Amino acid sequence: MTIKLQRGQKLCKKCGEVNAARQRICKSCKNEFVSKNTPIAGEIKEWKELQRGTLIKVIQGTGPYYIAKRDSDESYKGERICMGDTGVFKVISTDHSGILVYGASRKNSGYSYLYMGVPKKSEITGTYLEPYRIKYVVTPNRRKRNRK
């Protein structure tokens, strides 16, 4: 007998319990669900070849993060707390381990540095430095209206 799942639910393969769609661990048997790292359409792999003025978008949930040490009102122990920037940026320059950018949308502004180097843990702050996942921004061609 198969269970018809409602929208926003998934089934644990180990115990058969129904869980929330974004849940990482089964609530009854504590089995961890496999996280899919889906490919991103138009993702930039060769970031060192970016030219000045190129518009890029930083994918949410990528970049540096911190792992919570204990349970609190905002997070639970072991939760990954993202510390990076998201949104659309304009490239200024690149160096050996990252990209210097500034905000190009209403939601972000100012200069920022996007770390793109080898994943590592910072001994000073305890944050994990991971490269951002970025993609090109497609700007639609806008038609000019004829004014009469």
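This note's numbering numbers the first residue of the sequence shown as -19 and each following residue consecutively.
We put the beta carbon where it would ideally sit given N, CA and C, even for glycine.
Nothing here was measured: the structure is a model prediction, and the numbers come from that model.
What does the alpha-carbon distance come out to for the pair residue i and residue j?
i: E23; j: T107; result: 25 Å
i: I39; j: P19; result: 12 Å
i: G(-12); j: S15; result: 16 Å
i: N11; j: I47; result: 20 Å
i: C6; j: E54; result: 21 Å
i: K(-16); j: R50; result: 36 Å
i: T74; j: Q(-14); result: 47 Å
i: T66; j: K87; result: 9 Å
i: Y112; j: K100; result: 13 Å
i: W27; j: E(-3); result: 43 Å
i: Q3; j: H76; result: 37 Å
i: A21; j: I104; result: 35 Å
i: G97; j: I114; result: 13 Å
i: F13; j: I61; result: 19 Å
Would you mind sorting residue i into buried or exposed? The rule is 16 or more other CB atoms within 10 Å of its CB.
i: L109; result: buried
i: L94; result: buried
i: Y56; result: exposed
i: Y82; result: exposed
i: G43; result: buried
i: G33; result: exposed
i: G41; result: exposed
Going by DSSP, what residues sit across from residue i in a beta bridge?
i: V(-2); result: L(-9)
i: G83; result: F69
i: T74; result: I79
i: I114; result: V38
Enumerate in chain order the residues of its own chain whose CB-to-CB distance from residue i is below 7 Å, with the five nearest sequence positions on each side excluded.
i: V68; result: L35, K37, A84, S85 and V117
i: I72; result: R32, L80, V81 and Y82
i: S102; result: L109
i: C(-8); result: N(-1), C6, C9 and N11
With a cut-off of 8 Å on the beta carbons, I'd call residue i and residue j a contact; round off their distance for me.
i: Y45; j: M63; result: 6 Å
Using a Cβ-Cβ cutoff of less than 6 Å, which residues in the same chain neighbour residue i once the five nearest sequence positions on both sides are dropped?
i: C9; result: K(-6) and C(-5)
i: S89; result: G83
Can you name, in chain order, every residue of its own chain whose Cβ lies under 8 Å from the Cβ of residue i, other than the five neighbours on each side?
i: E59; result: I47 and A48
i: A0; result: G(-12), Q(-11) and K(-10)
i: E30; result: First, the residue type needs correcting, since residue 30 is Leu and not Glu in the sequence shown. Cβ within range, chain order: I24, I36, V71, T74 and I79.
i: T119; result: L35
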